[in-house]
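Colleague: Per my numbering, residue 16 is the first one in the sequence shown, and the count goes up by one each step. Beta carbons: idealized from backbone N, C-alpha and C, even for Gly.
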Amino acid sequence: MGIYKKIKKLIGGIIFYMANKFNGPYVNALMTHANGMNFLVSPFDMAVGRHLRWRGKYGTEELNLIKKVITNDMECLFVGTHIGAIALPVSFWAKHSSLIEANPDTFCFLQANVRLNCINNVSLYNFAAGESDGEINFIKNIKNSGGSKREPVNKMKFYYDDGGEVIKVPLKKLDDVFPSLYFDFIFMDIEGSEYFALKGMQRIISQASYLVVEFVPHHLKYVSGVSVEELLLLLEHRFMFLFIPSTSTFCEREAFSTVLGEMYRNNQADDGIIFSVEKPNFI
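1. Cα-Cα, which of Asp204, Leu92, Pro104 is closest to Asn118?
2. Nearest CA to the CA of Phe297: which residue from Met278, Leu257, Tyr279?
3. Between the region 189 to 196 and the region 209 to 223, do three or more beta carbon pairs fall short of 8 Å?
4. Using C-beta distances below 6 Å, list every residue in its chain close to Ser224, excluding the 5 sequence neighbours before and after it, in chain order.
5. At 4 residues or longer, what runs of the alpha helix (DSSP H) sit wholly inside the region 143 to 211?
6. Leaving out five residues before and five after Leu67 in sequence, what residues of the same chain have Cβ atoms less than 6 Å from its Cβ?
7. Among Phe124, Gln126, Leu78, Ile98, which residue has its Cα nearest to the Cα of Trp108?
8. Which of the three DSSP states, helix, strand or coil, is assigned to Asn50?
9. Which ranges would you report for the beta strand (DSSP E) in the region 221 to 273 if only whole runs of at least 3 residues count?
10. Return the Cβ separation of Phe290 and Lys158 in integer angstroms, given the expectation that the two are a contact with Cβ distance under 8 Å.
11. Since Val238 and Val168 are thought to touch, with beta carbons under 8 Å apart, how far apart are those beta carbons, to the nearest angstrom?
12. Would you call the CB atoms of Ala100 and Phe93 closer than 8 Å?
13. Determine the direct distance from the alpha carbon of Gln126 to that of Asn135, and round the result to whole angstroms.
14. Grab me the residues of Met171's own chain with a C-beta within less than 6 Å of its C-beta, minus the 5 sequence neighbours each way, in chain order.
15. Between Pro194, Phe211, Leu139, Thr273, which lies nearest to Ser112 when the distance is taken from Cα to Cα?
16. Does the Cβ of His304 have 16 or more other Cβ atoms within 10 Å, making it buried, or fewer, making it exposed?
17. Drop a sphere of 10 angstroms on the beta-carbon of Cys133, count the other beta-carbons inside from all chains shown, and report buried for 16 or more, exposed for fewer.
18. Report the three-state DSSP secondary structure of Val56 (helix, strand or coil).
19. Measure the alpha-carbon distance for Asn281 versus Thr262 and round it to whole angstroms.
20. Per DSSP, which one or two residues make a beta bridge with Phe93?
21. Apart from the five residues on each side of it in sequence, which residues of its chain come closer than 6 Å, Cβ to Cβ, to Phe202?
22. In its own chain, which residues sit with a C-beta less than 7 Å from the C-beta of Asp272, not counting the 5 before and 5 after it?
23. If I'm right that Val184 touches Phe124 with Cβ under 8 Å, what's the distance once you round it to whole angstroms?
24. Do Asp285 and Ile259 come within 8 Å of each other at the CB atom, strictly closer than that value?
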């Protein structure tokens with residue numbers, strides 16, 4: 016671990032301790048006003064929760080891009096909704112959203128935030144999206160609850176350093192959960208489980224217009240244990256275009272493997288690369 020990461024980890028540990036010390040042992044949520052809405056967040060979350068508490072916003076660039084493609088007649092699917100910092104603002108622009116969150120603790124925050132903002136056009140589901148039906152081991156993080164994930168194929172130590180426990184959560188194929196529902200827009204942020212979820216939602220993918228998905232090379236390598244090419248095999252039959260927000264890179268299907276392969280080799284991540292059937296209106 017580099018010196019910068021060691022210092023960052025040390026500071027994070029001090030902040031976590033101070034939050035636990037001064038908020039009181041019986042405080043398990045704080046109310047924030049962020050992204051134009053109210054959110055209950057964990058006082059111990061040093062990632063999304065800290066952004067919302069200290070900056071009053073989260074995912075601004077992602078939301079600005081999403082707003083350009085969402086219309087009020089769209090059905091949306093969010094896989095890995097977390098507490099709703101992205102999904103709930105989008106719900107005001109869309110017809111309906113189905114929100115999936117695997118972490119049972121985070122799911123309680125999501126339920127509360129839906130009620131807190133009087134949102135009535137969403138449906139909530141507490142399970143992990145995957146390639147089959149059953150259950151999986153799931154790492155339930157504390158300091159970065161958004162980093163909670165299915166237990167990796169390659170169990171690298173740094174995935175377990177957050178202090179959270181490994182629990183069992185239900186696993187379901189999305190094609191079985193939504194056998195006839197059509198989604199125009201899909202947003203997926205599930206910390207390396209994207210490959211498995213996509214395997215279980217090929218019918219849904221075949222009808223989607225947009226897919227926004229996190230791209231993190233070490234997630235592909237260690238959590239799912241697959242290559243860029245294996246991931247693309249689940250997508251290329253549907254999508255024609257790809258946009259990489261972090262580098263403003265735009266390409267067509269023929270270059271998907273080249274562009275993402277280079278990102279993988281350079282260990283370059285992006286919070287949400289955007290696949291689309293038609294050329295996006297923001298290009």
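Modeller: Working from what's here:
1. By 1-based counting over the sequence shown, the position of residue 118 is 103. For the residues Asp204, Leu92, Pro104, the minimum Cα distance to Asn118 belongs to Asp204.
2. As a position in the sequence shown, residue 297 is number 282, starting the count at 1. Selected option, being the one with the closest Cα: Leu257.
3. Yes: the two stretches touch, three or more of their Cβ pairs being nearer than 8 Å.
4. Residue 224 sits at position 209 when you count from the first residue of the sequence shown. So the list reads Asp199, Val292, once near-sequence residues are dropped.
5. 189 to 192
6. Counting from 1 along the sequence shown, the entry for residue 67 is found at position 52. Here the set comprises Thr47, Ala49, Phe54, Val56, Tyr73.
7. The residue given as residue 108 occupies position 93 in the sequence shown. Answer by Cα proximity: Leu78.
8. Here residue 50 is taken as the residue at index 35 of the sequence shown, counted from 1. Note: Asn50 maps to coil in three-state DSSP.
9. Every unbroken stretch of the beta strand (DSSP E) spanning 3 or more residues and falling wholly within the region 221 to 273 is given here in chain order: 225 to 230, 256 to 259, 264 to 267.
10. In the sequence shown, the residue the question calls residue 290 occupies position 275. In the sequence shown, the residue the question calls residue 158 occupies position 143. Between Phe290 and Lys158 the beta-carbon gap is near 31 Å, outside 8 Å, which marks them as no contact.
11. The residue you call residue 238 lines up with position 223 of the sequence shown. The residue you call residue 168 lines up with position 153 of the sequence shown. Confirmed, Cβ separation roughly 7 Å.
12. On the sequence shown, position 85 is the one that residue 100 refers to. On the sequence shown, position 78 is the one that residue 93 refers to. Taking 8 Å as the Cβ cut-off, Ala100 and Phe93 do not qualify as a contacting pair.
13. Locating residue 135 in the sequence shown gives position 120, where the first residue counts as 1. Locating residue 126 in the sequence shown gives position 111, where the first residue counts as 1. Rounded to the nearest angstrom, the two C-alpha atoms are 11 Å apart.
14. Translated into positions along the sequence shown, residue 171 becomes position 156. The answer, listed in chain order, is Tyr237.
15. Here residue 112 is taken as the residue at index 97 of the sequence shown, counted from 1. Of the candidates Pro194, Phe211, Leu139, Thr273, the one whose C-alpha sits nearest the C-alpha of Ser112 is Leu139.
16. Since the first residue shown for the chain is 16 and the last is 298, residue 304 is missing from the structure and cannot be characterised.
17. Numbered from its first residue, the sequence shown carries residue 133 at position 118. With fewer than 16 Cβ atoms within 10 Å of its Cβ, Cys133 is classed as exposed.
18. Taking the sequence shown and counting its residues from 1, one reaches residue 56 at position 41. Strand, per DSSP.
19. For this step, residue 281 is matched to residue 266 along the sequence shown. For this step, residue 262 is matched to residue 247 along the sequence shown. Answer to the nearest angstrom: the Cα atoms are 13 Å apart.
20. Translated into the one-based positions of the sequence shown, residue 93 becomes position 78. In DSSP, Phe93 forms a bridge with Leu114, Phe202.
21. Taking the first residue of the sequence shown as 1, we reach residue 202 at position 187. Counting only Cβ-Cβ distances below 6 Å, and skipping sequence neighbours, we find Phe93, Val227.
22. Within the sequence shown, residue 272 is the residue found at index 257, counting from 1. The identity of residue 272 in the sequence shown is Ser, whereas the question assumes Asp. For Ser272, where only same-chain residues beyond five positions count, the Cβ hits under 7 Å are Val243, Glu244, Leu247.
23. If you number the sequence shown from 1, residue 184 lands on position 169. If you number the sequence shown from 1, residue 124 lands on position 109. Incorrect: roughly 16 Å between the Cβ atoms, too far for contact.
24. Sequence index remark: in the sequence shown, residue 259 carries index 244 (1-based). Sequence index remark: in the sequence shown, residue 285 carries index 270 (1-based). Yes, the pair counts as a contact, with Cβ atoms nearer than the cut-off.
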